[in-house]
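Asker:
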Amino acid sequence: TDYDTILLDRKGRVGIITLNRPKALNALNTQLLREIVTAVEELDTDSNIGAILITGSDRAFAAGADIKEMHTKSYMDVYLDDFFSIGDRIAAARTPIIAAVAGYALGGGCELAMMCDILLAADTAKFGQPEIKLGVIPGIGGSQRLTRAVGKAKAMELCLTGRTMDAEEAERAGLLSRIVPAADLFDEALQTATTVAEMSLPIAMMAKEAVNRAFETTLTEGIRFERRVFHSTFATEDQKEGMAAFVEKRTPQFTHR
Ligand code: HXC
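Using UniProt numbering, you'd call the opening residue of the sequence shown number 2 and step up by one each time.
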């Protein structure tokens, strides 16, 4: 597939999506969002890919939905389009997704980062949901995912005032997996993605699904779900290989990776 607004690259078993609308600080217009979704789905269905890395530029991961494209839309336009529901397809990917965020991750950019499974941020990163300043509210999951990640008090303040938080504050609040120096962000993210991609792919998918289940259900049901999936790992060749390798003091050679 040809892409105009992203760069798609593969390094080993890692698929790398780089948002590439630098003049608009990677503002998410329809084309960019579509291309991200198409690339994620292309990589998600490729068994040679074990992890997906999504990143932007030094200045911006993404400065939000494209306001210039959006500002003339009517209620019927956004309703009939089910505007931004396309984002659900990113969250639906089974392959683990790592976000590497430097600079602005605002509005839809913050929401895109929060759809990912591991969120690494440079010390230059800035997160926020400034939609209220435009007379709208978050529309790609921000009011829900931010609240689950950082709690009501901070999410409410960010959504009501539109203020941004820096990487330090975002990490303290529990939004991030880790902060790394800006100069090391890409290498660290690629290393993390490679580590995940070297695991058994079906087992990584099961781990992702089990962690995500914590957001969708009660503790009792979540633990029951985990136990069923844990038991099912014993039906895989990779469980046999992983445990045999430990016992034999060698590196596992997973079949499904
Ligand atoms: C369209 C954008 C944009 C955006 C930046 N640009 N953000 N274009 N949509 N979201 C464009 C600018 O218009 C400008 O282009 C170029 O990118 C560089 O931006 P500047 O503003 O000149 O840069 P700077 O002064 O450094 O300020 C950076 C910034 C600011 C603080 C990130 O650009 C900003 O506030 N952007 C909007 C952030 C925002 O409100 N995001 C939420 C969007 S709503 P030109 O050609 O004019 O020079 C959203 C909601 C989703 O995501 C769901 C709602 C239904």
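Yeah, the Cβ is synthetic: ideal placement off N, Cα and C, and Gly gets one too.
All figures in this text were calculated on a predicted structure; none of them were measured in a lab.
List in chain order: all unbroken beta strand (DSSP E) runs of 3+ residues lying wholly within the segment 22-106.
Answerer: Counting only runs of 3 or more, we get 52-56, 61-63, 98-102.
Asker: Under 8 angstroms: does the beta carbon of M71 sit that close to some heavy atom of ligand 1?
Answerer: For this step, residue 71 is matched to residue 70 along the sequence shown. Yes.
Asker: Helix, strand or coil for A174 per DSSP?
Answerer: Position 173 of the sequence shown, counted from the first residue, corresponds to residue 174. Three-state DSSP puts A174 in coil, outside helix and strand.
Asker: For the alpha helix (DSSP H) that contains R225, what are its first and last residues?
Answerer: Position 224 of the sequence shown, counting from 1, holds the residue named residue 225. 220-234 is the span of the alpha helix (DSSP H), which, as asked, contains R225.
Asker: What is the DSSP secondary structure of I141, counted as helix, strand or coil?
Answerer: Position 140 of the sequence shown holds residue 141. I141: coil per DSSP, three-state reduction.
Asker: Measure from the alpha carbon of L8 to the alpha carbon of each residue in S58, A52, A25, Q192, then state which is nearest.
Answerer: For the purposes of this step, residue 8 is taken as residue 7 along the sequence shown, with counting starting at 1. It is S58.
Asker: Measure from the alpha carbon of T6 to the alpha carbon of each residue in K12, G16, G13, A28, then state which is nearest.
Answerer: Here residue 6 corresponds to residue number 5 of the sequence shown, with the count starting at 1. Residue A28 is the option with its Cα nearest to T6.
Asker: Measuring only the C-alpha atoms, how far is C160 from Y76?
Answerer: Looking up residue 160 in the sequence shown gives position 159. Looking up residue 76 in the sequence shown gives position 75. Whole-angstrom Cα-Cα distance: 22 angstroms.
Asker: Taking 8 angstroms as the cut-off, is the C-beta of A66 nearer than that to any heavy atom in ligand 1?
Answerer: Residue mapping note: residue 66 aligns to position 65 of the sequence shown, counting from 1. For ligand 1, at least one heavy atom lies less than 8 angstroms from the Cβ of A66.
Asker: Going by the C-beta, is A61 closer than 8 angstroms to any heavy atom of ligand 1?
Answerer: As a working mapping, residue 61 is identified with position 60 in the sequence shown. Under cutoff, so the answer is yes.
Asker: Report the option in P97, I17, F62, I87 whose CA atom is closest to the CA atom of P203.
Answerer: Sequence index remark: in the sequence shown, residue 203 carries index 202 (1-based). The residue with the shortest Cα to Cα distance from P203 is P97.
Asker: I need the boundaries of the alpha helix (DSSP H) containing I204, first residue and last residue.
Answerer: The count along the sequence shown starts at 1 and reaches residue 204 at position 203. Note, I204: alpha helix (DSSP H), 202-214.
Asker: If we count Cβ pairs, one from each stretch, closer than 8 angstroms, do we get three or more for the segment 205-223 versus the segment 93-108?
Answerer: With the cut-off at 8 angstroms, the segment 205-223 and the segment 93-108 touch.
Asker: Tell me the rounded alpha-carbon separation between R251 and I18.
Answerer: Position 250 of the sequence shown holds residue 251. Position 17 of the sequence shown holds residue 18. Straight-line Cα distance between these residues: approximately 34 angstroms.
Asker: What first and last residue would you give for the alpha helix (DSSP H) that runs through D188?
Answerer: On the sequence shown, position 187 is the one that residue 188 refers to. Segment 186-198, the alpha helix (DSSP H) holding D188.
Asker: I need the straight-line Cα distance from L176 to E170, nearest angstrom please.
Answerer: What you label residue 176 is simply residue 175 of the sequence shown in a count that begins at 1. What you label residue 170 is simply residue 169 of the sequence shown in a count that begins at 1. Going from the Cα of L176 to the Cα of E170 covers about 9 angstroms.
Asker: At the level of alpha carbons, what is the spacing between G16 and R146?
Answerer: Numbered from its first residue, the sequence shown carries residue 16 at position 15. Numbered from its first residue, the sequence shown carries residue 146 at position 145. Each residue's alpha carbon lies about 24 angstroms from the other.
Asker: Name the residue from F235, H72, K241, Q192 whose alpha carbon lies nearest to the alpha carbon of A52.
Answerer: As a first step, residue 52 must be located in the sequence shown, where it is residue number 51. It is Q192.
Asker: Mind checking whether T125 and A183 have CB atoms under 9 angstroms apart?
Answerer: In the sequence shown, counting from the first residue as 1, residue 125 sits at position 124. In the sequence shown, counting from the first residue as 1, residue 183 sits at position 182. A contact, by the Cβ cut-off of 9 angstroms.
Asker: Could you give the residue range of the beta strand (DSSP E) that holds K12?
Answerer: The residue labelled residue 12 in the question sits at position 11 within the sequence shown. It spans 7-12 - the beta strand (DSSP E) in which K12 sits, taken as one unbroken run.
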